[in-house]
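For the sequence shown, my numbering gives the first residue as 161, with consecutive numbering after it. From the three backbone atoms N, C-alpha and C, an ideal C-beta is built for every residue, glycine too. None of these values were measured; they are calculated from a predicted model.
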Amino acid sequence: MLFPNYLDNFASRIFYGIIMSNSTKYIFVTGGVASSLGKGIISASLAKLLQARGYSVTIQKLDPYINIDPGTLNPYEHGECFVTDDGAETDLDLGHYERFLNVPTSQANNVTTGRIYQSVIEKERRGDFLGKTVQVIPHITDEIKERIQLLGKDGKYDIVITEIGGTVGDIESLPYVEAVRQMLWEFENDCIVVHLTLVPYLSAAGELKTKPTQHSVKQLLELGVQPDVLCCRTEHPLELGLRKKIAKFCNVNLNAVIEARDAETIYDVPLLMQKEELDKVVLDKLNFSTKSKPNLDQWNKFLENLKNPTSEVTIALVGKYVELKDSYKSISEAFIHAGAVNRTKVNIKWVHSEKITSENVEEILGEIDGVLVAPGFGSRGISGKIETIRFVRENKIPFLGICLGMQCAVIEFARNVLGMKDAHTTEIIEDCKYPVINMMKEQKTISKLGGTMRLGAYKCQLVPESNAFKAYNTDLISERHRHRYEFNNEYLEQFEKTGMKATGKNPETGLVEIIEIADHPWFVGTQFHPEYKSTVDNPHPLFSSFVKAILSNKNKIK
Ligand code: GLN
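Printed below as a string of structure tokens:
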């Protein structure tokens, strides 16, 4: 099973000594001093430790921007847009939550200011507020509180961790902090606040400085929120003297001042937090049992494989947003998981698709062991992607194309094997002569851009003996989508006769979901995004098989 259900196992909960509580507990994670301190990773690590003790946990992200969701944001703005099974376009932190917890998230796990306001305004138009003036307090804060408690409602989770995006003190995060203040007041025994802050090192003074942390806690206090736990990001050890100082100035217990040192990999963070006893401190504060010890056997096995590779491969990731690596976060993490299963260090060579031409492709990709052509939208960089695919197809270099990457493989094959020189996708040339990729009928009438693609999980039937079938070892799979255009089935027969086969199809609509070339070491294109479902506990079968194919191809060449 891809996502084992930690929640239903009553026997194991008894075994772990978890006393059933009738109310869900809430942990709020706020950030201070600076952005990018890693609230998402701290939240995911804490959740992992609690889950490993047998608690059922989910994590939610509240984003203070006005977009309804990040689906319409350029990846340069906000990194990758992560897609859930239920088709929500969400913040990339949800990817971390799933990769750490191995439990799927949903629309309810990511809420933006835009969505909060949209919902309040819709209610106002419906007349739900009985002629009252609609205000930030209580209407917006009530809506925020409702969204937080939605995840705790049906008793599915013992603990909901809510990460508040942004930094304390930002104007736009004020309503969220106010909602937290109200919840702390209303559910005194069921809520705590973990504040992530920075303890910078001043090299000229040779010292760690606690003042920024003191100030950011003061800022929280001004808003009526007393943090219970402080996680202090630091490049150097946080000695006892400093911990005492922080505890005293910020009204927190000494054991609740947690050192959060920079780690070699994000996957070390749960273990570092365990050493600091973050999970124990949190459970004590929530009056939950700390009897059980976290079972991190599988996690440790993964780390052991990750840190002791016996071979190495280099894979080119060809895309147009490579300057901001967060744009391809789930792909690079999926390679880390796939590398660990194969005990292989996977190096990624980030290649800008706009830079590739027929003249330089050999020079850029000649020494590469495998190539992934990334998803994307629009025409920028598309000719470089097509040129890349011609090169890997002709030179028999293992290839994985995702979404636009798969569509480019279809276009390349049409042009260079089927002789359809003007083949293209109608996304780029609407009236092209050979529209081998075109828009689904239902998409043609849509005029809005947000949330209108084929989104979320769809089933896919695999052809026996195909590389996809060998990877999944089953014939019916479910994968997540985010696109408007599809393989044009009018051309399928011609493709199949000439060597490019549809090895995965949607069983209901017949839409092509996977293409492969058999006469090649490993050439697979997927219309869906396999990267979204790769986790530490369940590395994605296609990524694992791709790395395995690269290794055996490399050995053959030797
Ligand atoms: N632009 C393509 C489409 O909409 C591919 C999308 C993607 O790569 N996610 O179909």
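For residue i, does the count of other Cβ atoms within 10 angstroms reach 16, so buried, or fall short, so exposed?
i: residue 616; result: buried
i: residue 540; result: exposed
i: residue 451; result: exposed
i: residue 390; result: buried
i: residue 447; result: exposed
i: residue 545; result: buried
i: residue 682; result: buried
i: residue 712; result: exposed
i: residue 701; result: buried
i: residue 361; result: exposed
i: residue 258; result: buried
i: residue 295; result: exposed
Would you report the Cα separation of residue i and residue j, rounded to the nearest angstrom?
i: residue 493; j: residue 285; result: 44 Å
i: residue 464; j: residue 302; result: 46 Å
i: residue 597; j: residue 659; result: 18 Å
i: residue 245; j: residue 255; result: 12 Å
i: residue 675; j: residue 667; result: 15 Å
i: residue 140; j: residue 487; result: Examination of residue 140 is not possible in this model, given that the chain is present from 161 through 718 alone.
i: residue 622; j: residue 522; result: 33 Å
i: residue 599; j: residue 644; result: 6 Å
i: residue 281; j: residue 516; result: 48 Å
i: residue 325; j: residue 277; result: 16 Å
i: residue 531; j: residue 560; result: 6 Å
i: residue 473; j: residue 710; result: 8 Å
i: residue 477; j: residue 489; result: 12 Å
i: residue 552; j: residue 199; result: 40 Å
i: residue 479; j: residue 654; result: 29 Å
i: residue 694; j: residue 533; result: 18 Å
i: residue 678; j: residue 519; result: 27 Å
i: residue 402; j: residue 315; result: 40 Å
i: residue 368; j: residue 662; result: 59 Å
i: residue 290; j: residue 691; result: 47 Å
i: residue 558; j: residue 241; result: 26 Å
i: residue 716; j: residue 453; result: 46 Å
Taking Cβ to Cβ, would you say residue i is nearer than 8 Å to residue j?
i: residue 322; j: residue 308; result: yes
i: residue 673; j: residue 664; result: yes
i: residue 383; j: residue 341; result: yes
i: residue 189; j: residue 417; result: no
i: residue 548; j: residue 578; result: no
i: residue 210; j: residue 393; result: no
i: residue 550; j: residue 576; result: yes
i: residue 506; j: residue 707; result: yes
i: residue 469; j: residue 425; result: no
i: residue 685; j: residue 566; result: yes
i: residue 319; j: residue 187; result: yes
i: residue 273; j: residue 225; result: yes
i: residue 251; j: residue 227; result: no
i: residue 405; j: residue 414; result: no
i: residue 704; j: residue 502; result: yes
DSSP three-state call for residue i: helix, strand or coil?
i: residue 423; result: coil
i: residue 580; result: coil
i: residue 415; result: helix
i: residue 670; result: coil
i: residue 566; result: helix
i: residue 460; result: helix
i: residue 368; result: strand
i: residue 410; result: helix
i: residue 448; result: coil
i: residue 629; result: helix
i: residue 652; result: helix
i: residue 163; result: Legend: pLDDT at residue 163 = 42, less than 50; position of this residue unreliable, no value from coordinates given.
i: residue 359; result: coil
i: residue 597; result: strand
i: residue 692; result: helix
i: residue 540; result: coil
i: residue 700; result: coil
i: residue 289; result: coil
i: residue 295; result: coil
Legend entry - Stretch pair the segment 639-648 + the segment 495-504: three plus CB contacts closer than 8 Å: no
Inset, instruction - Mind the definition here: the segment 191-203 touches the segment 364-379 only if three or more C-beta pairs lie below 8 Å; say whether that holds. - result: yes
Inset, instruction - Please determine if the segment 455-463 and the segment 414-434 are in contact, where contact requires at least 3 C-beta pairs separated by less than 8 Å. - result: yes
Inset, instruction - Specify whether the segment 203-219 and the segment 436-454 touch according to this definition: at least 3 beta carbon pairs, one from each stretch, less than 8 Å apart. - result: yes
Legend entry - Inter-stretch contact (C-beta, 8 Å, three-pair minimum) for the segment 478-485 and the segment 510-521: yes
Inset, instruction - Evaluate contact between the segment 588-604 and the segment 618-636, counting only Cβ atoms and requiring at least three cross-stretch pairs below 8 Å. - result: no
Inset, instruction - Mind the definition here: the segment 259-270 touches the segment 237-251 only if three or more C-beta pairs lie below 8 Å; say whether that holds. - result: yes
Inset, instruction - Inspect the CB distances between the segment 213-231 and the segment 348-362 and report whether three or more fall short of 8 Å. - result: no
Inset, instruction - When you get a sec, list the residues whose CB is within less than 5 Å of any heavy atom of ligand 2, chain order please. - result: No copy of ligand 2 occurs in the structure displayed; its ligands are ligand 1 alone.
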